[in-house]
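So in the numbering used here, spot 54 of the sequence shown is number 50, and the numbers just go up one at a time.
Glycine included, C-beta positions come from ideal geometry on N, C-alpha and C.
What follows is one structure encoded as structure tokens, with my remarks underneath.
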Amino acid sequence: MIHLTPEQRVFVTERHLATLTTLRADGTPHVVPVAFTWDPERGIARVTTKKSSVKARNARGYSEVPPRAVLCQVDGGRWITIEGTARVSEDPNEIAHALKRYAQRYRTLEEDPVRVLIEITADKVMSSTYMAR
């Protein structure tokens, strides 16, 4: 399991957007701005989205190879990239848990019956040099 350094953990709790990169069926990247939360206990980044979104479709994957996803958050010269295996959850309890974390970092979201959760289990993290120590 990936553990972020103290500096990286602070950075992923500040209110910033990131880009999420997933791969389309033809292998080309799909990159969109997203809000995300980090679960330090499980080493998982979470993004909520609509069930029909391209990012959710891509995060479900197109082959037997587990789908990959990358988050990249930048603020001036500070940056962090979190890469890992993606999965989509429609579990109401998991979504509710993610929304609580989202409200702490960003704002409270309204109910949405078509909301799903993309979980990225991190296996690689890169960041600004000072945060990587």
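> Apart from the five residues on each side of it in sequence, which residues of its chain come closer than 8 Å, Cβ to Cβ, to residue 127?
Replying inline: The residue you call residue 127 lines up with position 131 of the sequence shown. If we look at residue 127 and ignore the five residues flanking it on each side, its Cβ neighbours are 1, 3, 4, 7, 74, 76.
Is the CB-CB distance between residue 79 and residue 118 below 8 Å?
The sequence position of residue 79 within the sequence shown is 83, counting from 1. The sequence position of residue 118 within the sequence shown is 122, counting from 1. Yes; because the gap between Cβ atoms is below 8 Å, this pair is in contact.
For this session: Return the CA-CA distance between residue 110 and residue 17, expressed in angstroms with no decimal places.
Result: Taking the first residue of the sequence shown as position 1, residue 110 is located at position 114. Taking the first residue of the sequence shown as position 1, residue 17 is located at position 21. Straight through space, the alpha carbons of residue 17 and residue 110 are spaced by roughly 21 Å.
Below 8 Å on the Cβ atoms is my contact criterion, and I expect residue 103 with residue 33 to pass it. Report the Cβ-Cβ distance as a whole number of Å. For the purposes of this step, residue 103 is taken as residue 107 along the sequence shown, with counting starting at 1. For the purposes of this step, residue 33 is taken as residue 37 along the sequence shown, with counting starting at 1. Their Cβ separation, rounded to whole angstroms, is 12 Å, which puts residue 103 and residue 33 out of contact at 8 Å.
Whole angstroms are fine: how far does the CA of residue 66 sit from the CA of residue 129? Here residue 129 corresponds to residue number 133 of the sequence shown, with the count starting at 1. Here residue 66 corresponds to residue number 70 of the sequence shown, with the count starting at 1. Counting only the Cα atoms, residue 66 lies some 21 Å from residue 129.
- Using 10 angstroms around the beta-carbon of residue 48, count the other beta-carbons present and answer buried if the total reaches 16, otherwise exposed. Counting from one through the sequence shown, the residue named residue 48 turns up at place 52. Classification of residue 48: exposed, given that the 10 Å Cβ count is below 16.
Q.
Can you tell me where the alpha helix (DSSP H) holding residue 91 begins and where it ends?
A. As a first step, residue 91 must be located in the sequence shown, where it is residue number 95. Start and end: 88 to 101.
Residue 17 (DSSP reduced to helix, strand or coil): For the purposes of this step, residue 17 is identified with residue 21 of the sequence shown, where counting begins at 1. Strand, per DSSP.
As assigned by DSSP and simplified to three states, the class of residue 31: Translated into the one-based positions of the sequence shown, residue 31 becomes position 35. Coil.
- Item | Span separating the alpha-carbon of residue 41 from that of residue 125 | In the sequence shown, the residue the question calls residue 41 occupies position 45. In the sequence shown, the residue the question calls residue 125 occupies position 129. The C-alpha of residue 125 is placed about 21 Å away from the C-alpha of residue 41.
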